[in-house]
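Asks: Once you've had a glance at the structure underneath, I'll fire off some questions.
Numbering (my numbering), first residue to last: 42 to 519.
So, in structure tokens, the structure goes:
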């Protein structure tokens, strides 16, 4: 167990380094693109990404996570070989179908002919992901996040520099399209060189079916996740057009997307970790609750920053064409703290070998929570949809709590106790900052200092020693 803990800590460290570096670099790239391009350009790409996200899930069919989850004693090279060859043929077929049939359908749905040229370029990654699927699984199964970080970070940096160059040379929306697609092309030779695995001309239907027995529910669940996560973009793009969708995508980027990218640095480590210790429920419960605490400590102040300072941030970094995103940012800034209460609880069920439960929960929330909330919100514009997402997050909280209690004996009280410090810091900061923000003409840096002091003091009061010990361990980690 000590060796496993050491591997987990090393994985978390490298995952954190990758995410932090990528977020900073991504902000620099987006800062250039947002000032050069227009909301319509971002909205146009978001429209297309709604469907390419679904296409990527269909191309994967849950095979990657099924290979990660399968126990070592039951996993052989023939599984990898069979998945590799099937994946390439399947992804190529999907690309052809999308190119000839999906393109006009998507263009007609959004009444936006420009998606016809963009969609094929954004669909190319599905073929590359099929070629590198086994290589990525090999890295993730041994929790070698250092290698994964080096591959993905280097590809993003190169793609980002090319994208900035394109934007500054009047390539318009294509600079954003290539920023999304190009990293996959750059990663291809890196995975093939750095991961010591070679395909052979062997294939077995029987071994492929063994993977499909696991991947079926993972595929359906992932598809439900993507559909749920893109309902807002679908409604806004269809009803309100590319410009409003571009404005919303910026607000989403500063809140929910930022949250998911930060939490991903632990999620991507915890899923294979949970799978390896799935028989020890007490250990899974402890790590899950600790992960919620770390997420909240980091993200609650970020959302406070968005809540009180989104307008100055938009005015300072971007021009006036993006200023209307501020009200949406403030609404979505309240969504993240609610979501973090039971963040990725379904990930635990999947790693424990209960994919049916995960699928059922996502189907339940999509049909009876998210879809009605977004639909009703769409009658009141982009702010209405944002409020609908907040309402859906509150309802999903109680759904998730029910299943956490049933499956892991985690109660609402357990979570409240674990998140006591960030919750107190969050609400105390709002209570003190609101009158200062509304009625006192204090300089923005003074207000920012007050926010940091309030929240930081509360966290230090409850967890000062733990934070110092964690920093020491990270610094000493080899």
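Note that CB positions come from ideal geometry on N, CA and C, so glycine has one too.
(1) Distance, Cα to Cα, residue 147 vs residue 72?
(2) Please classify residue 399 as buried or exposed, where buried requires at least 16 neighbouring CB atoms within 10 angstroms.
(3) Kindly list the residues whose CB is nearer than 6 Å to the CB of residue 348, restricted to its own chain and excluding five residues on each side of it in sequence; keep chain order.
(4) Measuring alpha carbon to alpha carbon, tell me which of 251, 459, 214, 203 ends up nearest residue 88.
(5) So, helix, strand or coil for residue 172, using DSSP?
(6) What is the rounded straight-line gap between the Cα of residue 384 and the Cα of residue 333?
(7) Taking only the alpha-carbon atoms, compute the straight-line gap between residue 242 and residue 122 and give it to the nearest angstrom.
(8) Taking C-alpha atoms, which residue in 283, 328, 335, 77 lies nearest to residue 300?
(9) Rounded to whole angstroms, how far is the Cβ of residue 343 from the Cβ of residue 431, which I believe are closer than 8 Å?
(10) Determine whether the beta carbon atoms of residue 290 and residue 151 lie at a separation below 8 Å.
(11) Given residue 465, which residues of its chain have a CB within under 7 Å of its CB, disregarding the five upstream and five downstream residues?
(12) Applying the 10 Å Cβ sphere with the 16-neighbour rule, what's the burial state of residue 341?
(13) I'd like to know whether the C-beta atoms of residue 208 and residue 74 end up nearer to each other than 8 Å.
(14) Identify whether residue 482 lies in helix, strand or coil by the three-state DSSP scheme.
(15) Mind listing, in chain order, the continuous alpha helix (DSSP H) runs of no fewer than 4 residues lying wholly within the region 450–506?
(16) Does residue 243 come out as helix, strand or coil in the three-state DSSP assignment?
(17) Output needed for residue 59: all residues of its chain with C-beta closer than 8 Å, excluding positions within five of it in sequence on either side, in chain order.
(18) Let me know the secondary structure DSSP gives residue 271 once reduced to three states.
(19) Does the beta-carbon distance from residue 545 to residue 392 come in below 8 Å?
(20) Output the boundary residues of the alpha helix (DSSP H) element that contains residue 384.
(21) With burial defined as no fewer than 16 other Cβ atoms inside 10 Å of the residue's Cβ, what is the status of residue 456: buried or exposed?
(22) Could you check what DSSP says for residue 395 in three-state terms: helix, strand or coil?
(23) For the alpha helix (DSSP H) that contains residue 102, what are its first and last residues?
Replies: Once the coordinates are examined:
(1) 29 Å
(2) buried
(3) 371, 374
(4) 214
(5) helix
(6) 7 Å
(7) 8 Å
(8) 335
(9) Not quite, the Cβ-Cβ distance comes to about 17 Å (not below 8 Å), so this is no contact.
(10) no
(11) 499
(12) buried
(13) yes
(14) coil
(15) 453–459, 461–480
(16) coil
(17) 186, 189, 190, 193, 194, 306
(18) helix
(19) Coverage of the chain is limited to positions 42 through 519, which leaves residue 545 absent and any answer about it impossible.
(20) From DSSP, residue 384 is part of no alpha helix (DSSP H); its letter is neither H nor E.
(21) buried
(22) coil
(23) Taken as a continuous stretch (DSSP letters only), residue 102 belongs to no alpha helix (DSSP H), as it is neither H nor E.
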